[in-house]
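Peer 1:
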Amino acid sequence: MASVAPDRLNLLLVAPAPAAGRISDLFTGEAAVEYGVEHVLEDRPDPTRADDVDVLLYHQRDLSDLDRLAEWRHSRLYLPAILLTDTPVADAHADEVDRLFDDRVCLAHPDAAGQLRRAARAAARAWQMHTQFREILAQSPDGVVVVSDVSRVLYANPAAISMFEKEERNFVGSAFRVPVPSGEIVEVSVGKSGTAEMRVVGVDWLGEQASLATLRDVTDRKRAEAALTHAADHDGLTGLRNRSRLQADINTAIDEARRRNLRLALFFIDLDNFKNVNDDLGHDAGDEVLRIVAGRLTSVGRSGSMAGRLGGDEFIILVWDVAPGAEETIAERYLVELSKRIDLDGTEVRVNASIGIATYPGAADTAHGLISAADAAMYTAKREGKHRYRMYSKVAGDAIARRRRLESDILHALARDEMWLEYQPIVALKSNLKPMCLEALLRWRHPLYPDLKPEEFITLAENTGMIDAIGDWVMVQVCRQYGEWRSRPEFEGRLGGISVNVSALQLSNRSFAVSLRRLLRETQVPARELWIEVTETSLMHNLDECIAVLRELQALGVKVAIDDFGSGYSSLSCLRDLPVDIVKLDRSFLADIQENDHKQGIVKSVIDIARSLRLSVVAEGVEGEDQERFARTIECDLAQGFRFARPMPREAVEQFLSNEREHI
Numbered sequence: 022m023a024s025v026a027p028d029r030l031n032l033l034l035v036a037p038a039p040a041a042g043r044i045s046d047l048f049t050g051e052a053a054v055e056y057g058v059e060h061v062l063e064d065r066p067d068p069t070r071a072d073d074v075d076v077l078l079y080h081q082r083d084l085s086d087l088d089r090l091a092e093w094r095h096s097r098l099y100l101p102a103i104l105l106t107d108t109p110v111a112d113a114h115a116d117e118v119d120r121l122f123d124d125r126v127c128l129a130h131p132d133a134a135g136q137l138r139r140a141a142r143a144a145a146r147a148w149q150m151h152t153q154f155r156e157i158l159a160q161s162p163d164g165v166v167v168v169s170d171v172s173r174v175l176y177a178n179p180a181a182i183s184m185f186e187k188e189e190r191n192f193v194g195s196a197f198r199v200p201v202p203s204g205e206i207v208e209v210s211v212g213k214s215g216t217a218e219m220r221v222v223g224v225d226w227l228g229e230q231a232s233l234a235t236l237r238d239v240t241d242r243k244r245a246e247a248a249l250t251h252a253a254d255h256d257g258l259t260g261l262r263n264r265s266r267l268q269a270d271i272n273t274a275i276d277e278a279r280r281r282n283l284r285l286a287l288f289f290i291d292l293d294n295f296k297n298v299n300d301d302l303g304h305d306a307g308d309e310v311l312r313i314v315a316g317r318l319t320s321v322g323r324s325g326s327m328a329g330r331l332g333g334d335e336f337i338i339l340v341w342d343v344a345p346g347a348e349e350t351i352a353e354r355y356l357v358e359l360s361k362r363i364d365l366d367g368t369e370v371r372v373n374a375s376i377g378i379a380t381y382p383g384a385a386d387t388a389h390g391l392i393s394a395a396d397a398a399m400y401t402a403k404r405e406g407k408h409r410y411r412m413y414s415k416v417a418g419d420a421i422a423r424r425r426r427l428e429s430d431i432l433h434a435l436a437r438d439e440m441w442l443e444y445q446p447i448v449a450l451k452s453n454l455k456p457m458c459l460e461a462l463l464r465w466r467h468p469l470y471p472d473l474k475p476e477e478f479i480t481l482a483e484n485t486g487m488i489d490a491i492g493d494w495v496m497v498q499v500c501r502q503y504g505e506w507r508s509r510p511e512f513e514g515r516l517g518g519i520s521v522n523v524s525a526l527q528l529s530n531r532s533f534a535v536s537l538r539r540l541l542r543e544t545q546v547p548a549r550e551l552w553i554e555v556t557e558t559s560l561m562h563n564l565d566e567c568i569a570v571l572r573e574l575q576a577l578g579v580k581v582a583i584d585d586f587g588s589g590y591s592s593l594s595c596l597r598d599l600p601v602d603i604v605k606l607d608r609s610f611l612a613d614i615q616e617n618d619h620k621q622g623i624v625k626s627v628i629d630i631a632r633s634l635r636l637s638v639v640a641e642g643v644e645g646e647d648q649e650r651f652a653r654t655i656e657c658d659l660a661q662g663f664r665f666a667r668p669m670p671r672e673a674v675e676q677f678l679s680n681e682r683e684h685i
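Taking the working numbering, the leading residue of the sequence shown gets 22, the next gets one more, and so forth.
#1: Going by alpha carbons, who is nearest to G383 out of I290, N282 and S375?
#2: Going residue by residue through the segment 482-528, where are the continuous alpha helix (DSSP H) segments of at least 4 residues, counting only ones entirely within it?
#3: Pairs of beta-carbons, one from the segment 348-357 and one from the segment 246-258, closer than 8 Å: are there three or more?
#4: Of all the CB atoms in chain D, is at least one closer than 8 Å to the CB of M412?
#5: By the 10 Å Cβ neighbour count, where 16 or more other Cβ atoms means buried, how is D88 classified, buried or exposed?
#6: Looking only at DSSP bridge pairs, what is F336 linked to?
#7: Please list the terminal residues of the continuous alpha helix (DSSP H) segment that includes K415.
#8: At the level of alpha carbons, what is the spacing between D647 and S360?
#9: Would you report the Cα separation of P39 and L105, rounded to the nearest angstrom?
#10: Return the chain-ordered ranges of every alpha helix (DSSP H) run that is complete within the segment 524-564 and spans a minimum of 4 residues.
#11: Which of helix, strand or coil does DSSP assign to W148?
#12: Report the option in P456, A434, L577 and I103 whose CA atom is closest to the CA atom of H467.
#13: So the candidates are I157, H304, V340 and E513; which of them puts its Cα closest to the Cα of L318?
#14: Which class does L90 belong to by DSSP, given the choice of helix, strand or coil?
#15: Counting only the same chain and skipping the five closest in sequence on each side, list residues whose C-beta sits under 7 Å from that of H95.
#16: Within its chain, find whatever has a CB closer than 7 Å to the CB of C458; leave out the 5 residues flanking it on each side and keep chain order.
#17: How about D123 and R237: are their beta carbons less than 8 Å apart?
#18: Taking the alpha-carbon positions, what's the V35 to T250 distance?
#19: Spell out the partners DSSP gives S210 in its beta bridges.
#20: Compute the beta-carbon to beta-carbon distance between L137 and L47, rounded to the nearest angstrom, for a pair I have assumed lies under 8 Å.
#21: Just confirm the distance between the C-beta atoms of V570 and R531, as a whole number of angstroms; I'd bet it's less than 8 Å.
#22: Does the Cβ of P456 have 16 or more other Cβ atoms within 10 Å, making it buried, or fewer, making it exposed?
#23: Of the residues R146, E208 and A234, which one's Cα is nearest the Cα of D170?
#24: Could you say which of E335, F336 and A286 lies nearest to R323 if we only look at CA atoms?
#25: Rounded C-beta distance between P600 and Y444? I'm assuming under 8 Å.
#26: Could you tell me the boundaries of the alpha helix (DSSP H) in which F192 lies?
#27: Can you say whether F154 is buried or exposed, counting buried as having 16 or more other CB atoms within 10 angstroms of its CB?
#28: Of the choices A534, P109, V126 and A145, whose alpha-carbon is the least far from that of R29?
#29: Among D430, A640, S45 and I603, which has the Cα closest to the Cα of L611?
#30: CB S203 to CB V221, shorter than 8 Å?
#31: Quick check: what's the CA-CA separation for V166 versus A196?
#32: Rounded to a whole number of angstroms, what is the C-alpha to C-alpha distance between L463 and G642?
#33: DSSP state of L359, grouped into three classes?
#34: Would you decide whether E554 is buried or exposed? Buried here means 16 or more other CB atoms lie within 10 Å of its CB.
#35: I'd like to confirm the pairing. Which residues does DSSP put opposite L606 in its beta bridges?
#36: Excluding five sequence neighbours on each side, which residues of the same chain lie with their C-beta closer than 6 Å to the C-beta of L678?
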């Protein structure tokens, strides 16, 4: 549209030739405004003409074909238009004409010239204001679409046109449905994959009731929200479901299986020796292996199966509608696929897996229960040699539940005052069974498992990282107690030493000897009266570091004993290289010793080597007269076991020392 000047209007007249001259004459003779009238027989829709035209004048003799008239007007909505008729518009057509045109003038009216001039000026002014409003809307970053009451686009600003990925000439006039104007925000799709929030209000648009829809493009926000939702529900490394999403989806699957009477199989997959990949090749290589494993699991899975990563190298697969026995075939397929070679930039890696299987119904009826059951079965597969699968059994499940409860509870056992100590005498076989040392034995008074044995919870302490805290507590308690006993006159001469079991993990701390020396000084316990016992098995797992610390302990004067000798890996000749003072024969050697010539030969060999190295030998687990007799026969220096005294609490130890040879 041309810029409207107060003294000139440019008009485009669409009319047949006979009527054109008569209509043009209506604009002559007025001095205030100059009218430029261009006549065309048939106006073709061309938005570029709006640059030099202020108002369209359209002459129509016959209004019988209103559809054609509407089509003409809808293709020219970019300009104001006045309908010119030879006769008054019939009432039946008036509403439709008024909806389509800005005004109408009957040429038969006596003041047709005045009406036409006034209508042209009013339409031009209104349209100019409308144009300025459109220019404002054009600058809006939000999309604006004006829709007629018959759901046709009257106007769309550039933001809306871009949002819907259309051209203006195709968009304006096209069908566009919007909700009933309410001011409420609704979400709509725009373009090929976009999203917008739309608010619709009613407006008067050039005298016509219309709906104005504002659209805010929220595509990026929605994508970001979707990415955040995906990240919250999926593992960032592999893209599989994470633990929380897995549990929710498995619970949903169980509910659906219950309704449809279907059988589910859950596979708990743990990679064997994956730690070696991280240790040898680095964590980046380990991450790549996990991504490859995830891809293989999803590629092998049946249609409709669900895959997820619990964390670390643990994966979950849930398979729908599994026939009894089919889960074993599926597990075999996973084992084969996961054992295939992985190429990491020329480095060949192979990882196997242990798989536990639990089914619904049967093992559990919740996601947590089903995962726990499959986890228990997986640990059974690990214990039986790895690279295999095992089905869930209640016995295995109970064992895992117990282990996990203990792993949790041991973290708080000291704070809850559940740990306590007993002491068992070690007696001299050649000195009338005189107690030469007391071995401190840790006990855990667990509220649920009164049958808990030290070998079970000590391993848990090592696995959970609690061994240092518990070990420090034991050492402090023992040294304080022994120092207190040494200070009492009634026990003078009856205490030869105190023995404490130490984990090889504690010895890997190079400050162990320094801390112990400080503690001995504080409690006034002579270093020569302290025995440090280390099991042969743990010693051999961390030999070099342990030997260095044991030598520091010997330099302090502390005696070093190998506990349970013969139960693990070391050979007899290894004794020559270890910084030890005492060898404690494993109790298994004395079991049925009289009927086992092989055991007798090993024990005698240990005694011979110990004699040559000037080591003391303790026979552990002496329970009967025959075992005591054999220990004496092979000339063991010391013995320990129920034959002489059971482990006892502090009060009983004091009574024992008072009587010196009382058998408990």
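Here a beta-carbon is modelled for each residue, glycine too, at the ideal position from N, C-alpha and C.
Peer 2: Taking the geometry as given:
#1: Taking the sequence shown and counting its residues from 1, the one referred to as residue 383 is at position 362. Put simply, of I290, N282 and S375 the residue whose alpha carbon is nearest the alpha carbon of G383 is N282.
#2: Contiguous alpha helix (DSSP H) elements confined to the segment 482-528 occur at 488-507 and 525-528, taking only those with 4 or more residues.
#3: Remark: fewer than three beta-carbon pairs, one from each stretch, lie closer than 8 Å, so the segment 348-357 and the segment 246-258 are not flagged as touching.
#4: Of the chains in the structure shown, none is chain D; there is only one protein chain.
#5: Reading the sequence shown from its first residue, position 67 is the one you call residue 88. Under a 10 Å Cβ-count criterion, D88 is classified as exposed, with fewer than 16 other Cβ atoms of the shown protein chains found around its own Cβ.
#6: Taking the first residue of the sequence shown as position 1, residue 336 is located at position 315. F336 has I290 and R330 as its beta-bridge partners, per DSSP.
#7: As a working mapping, residue 415 is identified with position 394 in the sequence shown. Per DSSP, K415 belongs to the alpha helix (DSSP H) from K415 to D430.
#8: One-based indexing of the sequence shown puts residue 647 at position 626. One-based indexing of the sequence shown puts residue 360 at position 339. Answer to the nearest angstrom: the Cα atoms are 53 Å apart.
#9: Translated into positions along the sequence shown, residue 39 becomes position 18. Translated into positions along the sequence shown, residue 105 becomes position 84. The straight-line gap from Cα to Cα measures roughly 14 Å.
#10: Scanning the segment 524-564 for uninterrupted alpha helix (DSSP H) segments of 4 residues or longer gives 525-528, 533-544 and 557-562, listed from N- to C-terminal end.
#11: Against the sequence shown, residue 148 aligns to sequence position 127. If DSSP states are grouped into helix, strand and coil, W148 belongs with the helices.
#12: Within the sequence shown, residue 467 is the residue found at index 446, counting from 1. Taking H467 as reference, the option from P456, A434, L577 and I103 with the minimal CA-CA separation is A434.
#13: As a position in the sequence shown, residue 318 is number 297, starting the count at 1. Answer by Cα proximity: V340.
#14: Taking the sequence shown and counting its residues from 1, one reaches residue 90 at position 69. It is helical.
#15: Start at 1 with the first residue of the sequence shown, and residue 95 comes out as number 74. Exclusion of the five residues before and after H95 leaves R173 and G194 as the residues of its chain whose Cβ lies within less than 7 Å of its Cβ.
#16: Here residue 458 refers to the residue found at position 437 of the sequence shown. Contacts found: I447, G517, G518, I519, S520 and W552.
#17: Taking the sequence shown and counting its residues from 1, the one referred to as residue 123 is at position 102. Taking the sequence shown and counting its residues from 1, the one referred to as residue 237 is at position 216. Taking 8 Å as the Cβ cut-off, D123 and R237 do not qualify as a contacting pair.
#18: On the sequence shown, position 14 is the one that residue 35 refers to. On the sequence shown, position 229 is the one that residue 250 refers to. Pairing V35 with T250, the inter-Cα distance amounts to about 59 Å.
#19: Numbered from its first residue, the sequence shown carries residue 210 at position 189. Residue pairing of S210 in beta bridges, as defined by DSSP: T216.
#20: On the sequence shown, residue 137 is found 116 positions in, with the first residue counted as 1. On the sequence shown, residue 47 is found 26 positions in, with the first residue counted as 1. The Cβ separation is near 5 Å, so the contact holds.
#21: For the purposes of this step, residue 570 is identified with residue 549 of the sequence shown, where counting begins at 1. For the purposes of this step, residue 531 is identified with residue 510 of the sequence shown, where counting begins at 1. About 7 Å; that satisfies the 8 Å criterion.
#22: Within the sequence shown, numbered from 1, the residue matching residue 456 stands at position 435. By the neighbour-count rule (16 or more Cβ atoms within 10 Å), P456 is buried.
#23: Here the question's residue 170 lines up with position 149 in the sequence shown. Residue A234 holds the alpha-carbon nearest to the alpha-carbon of D170 among R146, E208 and A234.
#24: On the sequence shown, position 302 is the one that residue 323 refers to. Each of E335, F336 and A286 was checked against the Cα of R323, and the nearest Cα belongs to A286.
#25: For this step, residue 600 is matched to residue 579 along the sequence shown. For this step, residue 444 is matched to residue 423 along the sequence shown. P600 to Y444, Cβ: 26 Å. No contact.
#26: Taking the first residue of the sequence shown as 1, we reach residue 192 at position 171. E189 to F192 is the span of the alpha helix (DSSP H), which, as asked, contains F192.
#27: By 1-based counting over the sequence shown, the position of residue 154 is 133. Exposed, since its Cβ has fewer than 16 Cβ neighbours within 10 Å.
#28: For this step, residue 29 is matched to residue 8 along the sequence shown. R29 has its Cα closest to that of A145, out of A534, P109, V126 and A145.
#29: Working through the sequence shown from its first residue, we reach residue 611 at position 590. In this structure, A640 is the residue among D430, A640, S45 and I603 with its C-alpha nearest to the C-alpha of L611.
#30: Start at 1 with the first residue of the sequence shown, and residue 203 comes out as number 182. Start at 1 with the first residue of the sequence shown, and residue 221 comes out as number 200. For S203 and V221, yes; Cβs fall inside 8 Å.
#31: Here the question's residue 166 lines up with position 145 in the sequence shown. Here the question's residue 196 lines up with position 175 in the sequence shown. Approximately 12 Å between the Cα atoms of the pair.
#32: What you label residue 463 is simply residue 442 of the sequence shown in a count that begins at 1. What you label residue 642 is simply residue 621 of the sequence shown in a count that begins at 1. Their backbone Cα atoms lie some 17 Å apart in a straight line.
#33: Numbered from its first residue, the sequence shown carries residue 359 at position 338. Annotated three-state conformation of L359 is helix, per DSSP.
#34: Translated into the one-based positions of the sequence shown, residue 554 becomes position 533. It counts as buried.
#35: Mapped onto the sequence shown, residue 606 falls at position 585. Per DSSP, the beta bridge partners of L606 are F586 and A640.
#36: The sequence position of residue 678 within the sequence shown is 657, counting from 1. Counting only Cβ-Cβ distances below 6 Å, and skipping sequence neighbours, we find F512 and R515.
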